[in-house]
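One structure below.
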Amino acid sequence: MGIIGVISLWFIPVIIGFILIYGTLKKVPTYETFVEGGKEGITISFSIIPYLVGMLVAISIFRASGALEFLMNIMKPALDILNIPAEIVPLAFIRPISGTAALGLTSDIIATYGPDSFIGMLAATMQGSTDTTLYVLTVYFGAVGIKKMGDALKVGLLADLVGIIASIVIVTLMFS
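In terms of my numbering, the sequence shown is numbered consecutively and its last residue is 476.
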């Protein structure tokens with residue numbers, strides 16, 4: 301096992317041990333604090349279930365309605381001019397909505413085209429360069445009761461767009 305393997309194997313246990321020792325030295329009741337955190341985690345889990353269900357239903361409706369396929373067909377001529385594979389469009393649209401759906405699409409793309417193909421590398425880079433903005437806003441903002449999320453939505457979607465464009469540019473420059 302290489303040095304990276306050893307570090308990755310021991311990294312989390314060392315951090316947890318450090319936190320426990322540090323907390324004990326600072327006279328923080330570490331066990332009680334841990335139990336309180338667990339209780340709070342369960343409470344938050346139950347409070348975000350309605351938001352998760354709403355997001356999953358919205359994703360299902362978007363995909364089942366054919367709206368995604370319709371958008372792909374509209375964009376195909378422009379994508380062909382820019383030498384961007386149309387197969388990547390569903391990933392670009394789904395990634396800000398759902399990480400699990402995006403991971404499924406990425407897996408399908410890699411299984412179909414291969415991990416060393418241009419589109420496989422593009423899908424993997426895009427997966428790592430963007431975030432699940434709508435999921436984060438829905439679940440996390442909903443969990444803490446934030447109702448006005450317009451600016452956060454704009455900035456998050458802009459960051460996703462920049463990540464998508466950067467993925468395309470970087471993979472094109474490095475691998476084509």
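Note that beta-carbon positions come from the ideal geometry of N, C-alpha and C, so glycine has one too.
Name the two residues that bound the continuous alpha helix (DSSP H) containing residue i.
i	result
Ser407	399 to 413
Lys448	That residue, Lys448, is in no alpha helix (DSSP H); it is neither H nor E in DSSP.
Ile394	389 to 394
Phe318	303 to 325
Tyr435	433 to 436
Helix, strand or coil: how does DSSP classify residue i here?
i	result
Ser365	coil
Asp416	coil
Ser476	coil
Pro329	coil
Pro377	helix
Pro350	helix
Ile384	coil
Thr430	coil
Using 10 angstroms around the beta-carbon of residue i, count the other beta-carbons present and answer buried if the total reaches 16, otherwise exposed.
i	result
Ile388	buried
Val314	exposed
Leu434	buried
Gly341	exposed
Phe393	buried
Ile307	exposed
Asp380	exposed
Leu458	exposed
Asp416	exposed
Ser398	buried
Met426	buried
Pro396	buried
Ile303	exposed
Gly420	buried
Which whole-angstrom value is the C-beta distance of residue i and residue j, which I expect to be below 8 Å?
i	j	result
Ile409	Leu391	7 Å
Ile464	Thr430	6 Å
Thr333	Leu320	The Cβ separation is near 10 Å, so there is no contact.
Ala452	Ser347	With 8 Å as the limit, Ala452 and Ser347 do not qualify as a contact, their Cβ atoms being about 19 Å apart.
Val471	Leu405	No, Val471 and Leu405 are not in contact; Cβ-Cβ is about 16 Å, not under 8 Å.
Ile359	Ala401	6 Å
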